[in-house]
Amino acid sequence: MNPTQPDTAKTAGTITVYTSNNDHRAYEVPAEGSDQTVRFSLDGFKARQIHMIGIPSAATITWESKDRVDGKPKWWVTFKTTHSPSSLEKNDIDQYVARNAKNSFVRTALGILVVDKSENAADRDTLGEIIVKVSAPRREPNATAPVAAPVHGEQP
Numbered sequence: 004m005n006p007t008q009p010d011t012a013k014t015a016g017t018i019t020v021y022t023s024n025n026d027h028r029a030y031e032v033p034a035e036g037s038d039q040t041v042r043f044s045l046d047g048f049k050a051r052q053i054h055m056i057g058i059p060s061a062a063t064i065t066w067e068s069k070d071r072v073d074g075k076p077k078w079w080v081t082f083k084t085t086h087s088p089s090s091l092e093k094n095d096i097d098q099y100v101a102r103n104a105k106n107s108f109v110r111t112a113l114g115i116l117v118v119d120k121s122e123n124a125a126d127r128d129t130l131g132e133i134i135v136k137v138s139a140p141r142r143e144p145n146a147t148a149p150v151a152a153p154v155h156g157e158q159p
C-alpha cells in the first residue's frame with residue numbers, strides 16, 4: 004500500500020489520536036480560510052493520546068467525552084489557534100485537560116489557547132468526538148466601495 008498525499012489545497016493539518024497500544028487514527032483538518040466545520044467521531048476507539056500538526060490559525064477545536072450527562076458531554080475542552088500553523092505535542096488527552104487552565108496557552112504547543120473547558124476532569128480513554136471549525140477567509144476591503152469625499156478644506 005502506497006501512502007497518499009493529502010490535497011493541500013483542501014487540507015491544512017492532521018490530528019492523530021493513539022490508543023495505549025499505539026494504534027492510531029489520523030484526521031485531516033480543512034485548510035485555512037475554508038469556513039468549514041468537521042466532526043471526527045471516535046466510536047469504538049479508546050484514544051489515550053493526541054497529536055496535532057499544521058492546524059490553521061483562527062481555528063476552534065473542541066474535544067468532547069464519549070460519556071454524556073443529560074445529553075451533554077461529561078467533560079469537554081475548546082481551543083483556539085493563534086499561529087499559522089499551530090501544533091500540539093503528542094501527549095495524554097486527560098493530562099491536557101487537567102493541566103491547562105481556561106484562558107491560558109498550552110505550554111507543549113505552538114499557538115494553542117484554551118478558551119473554555121468543563122469543570123469535570125477528563126477520564127482516561129474517553130474522548131468521543133473532535134470538532135474543528137476553520138474560520139472563513141479574511142475579507143479584503145472592497146476597492147469599488149464608495150469613499151467619502153473630503154469636506155471643504157480637508158486633504159484626501
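Each number in my numbering comes from the position in the sequence shown (counting from 1) with 3 added on. Backbone N, C-alpha and C fix where the C-beta goes; we use that ideal spot for every residue, glycine too.
Classify residue i as helix, strand or coil using the three-state DSSP reduction.
| i | result |
| --- | --- |
| Q98 | helix |
| V137 | strand |
| Q39 | coil |
| L2 | Residue numbering for the chain in the displayed model covers 4 to 159; residue 2 lies beyond these limits and cannot be assessed. |
| H86 | coil |
| G74 | coil |
| E92 | strand |
| G131 | strand |
Per DSSP, residue i is paired with what?
| i | result |
| --- | --- |
| W79 | E67 |
| E31 | T17 |
| S107 | V117 |
Going by DSSP, what residue range makes up the beta strand (DSSP E) through residue i?
| i | result |
| --- | --- |
| A61 | Unbroken run through A61: none, as it is neither H nor E. |
Is the distance from the Cβ of residue i to the Cβ of residue j below 8 Å?
| i | j | result |
| --- | --- | --- |
| T17 | G57 | yes |
| P33 | T19 | no |
| R28 | E132 | no |
| V137 | D38 | yes |
If you measure from the beta carbon of residue i to each beta carbon in chain B, is any gap under 8 Å?
| i | result |
| --- | --- |
| G114 | Protein chain content of the structure displayed is limited to a single chain, and chain B is not contained in it. |
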